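Worksheet for the structure shown next.
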Amino acid sequence: MLATRLLTVFVAAAVLIPFSLYANAWGFSVLAAVICGLVLWEWLSLTSIGAAMRWLLLSVWVGLVVGALLDPWLIQTPWALGLVGWVGLVWLLYVPYALWRVRTPNGPTAAITSAWLMLGTWAAVWLSREQSLAFMVSIFALVWLADTAAYFGGRALGRRKLAPRISPGKTWEGVITAVLTNLVYLWLAAQFWSDSYPQVLVEGSGLIGAALMVVLLTAVSVMGDLHQSLLKRQAGVKDSGHLLPGHGGFFDRFDALIAVTPVALALLLAAGRLR
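For the sequence shown, the numbering used here assigns the number 24 to the initial residue and increments by one for each residue that follows.
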């Protein structure tokens with residue numbers, strides 16, 4: 024199993040790293056569209072809708088994405104920016120409520136909403152790459168650090184369960200470790216990583232304001248993971264898919280990232296700091 028997981032990571036890195044380093048914003052957005060489309064398909068498979076509606080929603084989603092790729096100006100319109108802001112609000116306001124209820128809708132309305140959420144997520148990834156490579160990667164790094172710190176912090180110190188009815192393995196100690204790790208990351212990146220998201224936050228909101236935003240984004244990262252776990256628990260499955268051997272599906276790997284990226288952009292939009 025470990026060999027399979029490592030092989031999957033190696034192959035994924037061989038594809039993602041060159042695209043990240045050498046493709047422009049438009050080129051990277053093509054790869055992001057493929058990944059977001061796969062995540063959407065797996066998300067739709069966790070709802071109660073039939074195969075015909077899944078294909079219809081995915082087809083409409085692909086059509087909208089292709090339209091934006093053919094006319095990149097669309098990504099800078101108020102409609103696209105408004106969609107990113109709306110997606111951010113869904114993660115900040117509705118998802119915590121669903122997790123508190125330990126219940127999230129999974130019917131046709133929820134399926135349509137998931138398509139809009141993934142469209143906004145894709146737009147947020149494109150916009151973040153247009154800022155700079157460092158800007159985009161530094162947002163991703165915040166998620167990866169939170170996930171890694173929460174895992175090891177939970178294993179070493181975990182005592183109190185965070186959400187036992189949703190994901191029994193997660194602990195409050197793991198979350199606190201993730202928050203502290205990302206606060207250290209904020210300070211280091213703001214000092215030494217030019218054009219990074221933490222640097223933009225500190226320049227616009229000061230260190231205290233930026234720290235509060237990073238705490239919020241770390242919480243969103245955890246909520247993205249919990250929300251996907253809730254969807255799987257309701258659907259009665261262990262993994263969202265099987266396209267990544269040893270890792271499950273794309274939704275399993277990118278659950279926190281698709282939550283944090285639009286919220287990170289929405290915070291800058293609200294502050295008027297998005298260039």
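Glycine included, every Cβ here is placed at the ideal spot set by N, Cα and C. Remember, it's a predicted structure, so these values are computed and weren't measured experimentally.
Following the continuous beta strand (DSSP E) through L185, name the residue where it begins and the one where it ends. Judged by DSSP secondary structure, L185 falls within the beta strand (DSSP E) whose first and last residues are K184 to A186.
I think R182 touches T171, with their Cβ atoms under 8 Å apart; what is that distance to the nearest whole Å? Cβ atoms of R182 and T171 stay farther apart than 8 Å, at about 20 Å.
State the DSSP-derived secondary structure class of T132, mapped to helix, strand or coil. For T132, the three-state secondary structure derived from DSSP is helix.
From this set, L206, L239, A213 and V238, which residue's C-alpha is nearest G227's C-alpha? A213
Among residues of its own chain, excluding the 5 on either side of L253, which ones have a beta-carbon nearer than 6 Å to its beta-carbon? T127 and I189
Leaving out five residues on either side along the sequence, give the residues of the same chain with a beta carbon under 6 Å from the beta carbon of D262. Only G271, G272 and D275 meet the Cβ criterion.
How far does the alpha helix (DSSP H) with G197 in it extend, from its first residue to its last? Where G197 is concerned, the enclosing alpha helix (DSSP H) stretches over W195 to F215.
First through last residue of the alpha helix (DSSP H) which encompasses R77: A74 to L93
Comparing alpha-carbon positions, which option in V166, L292 and L93 lies nearest A279? V166
Note down the Cα distance separating P285 from L180, rounded to an integer number of angstroms. 31 Å
When the distance is taken between beta carbons, is V198 closer than 9 Å to G247? no
Helix, strand or coil at D218 according to DSSP, with G and I counted as helix: Correct three-state label for D218: coil.
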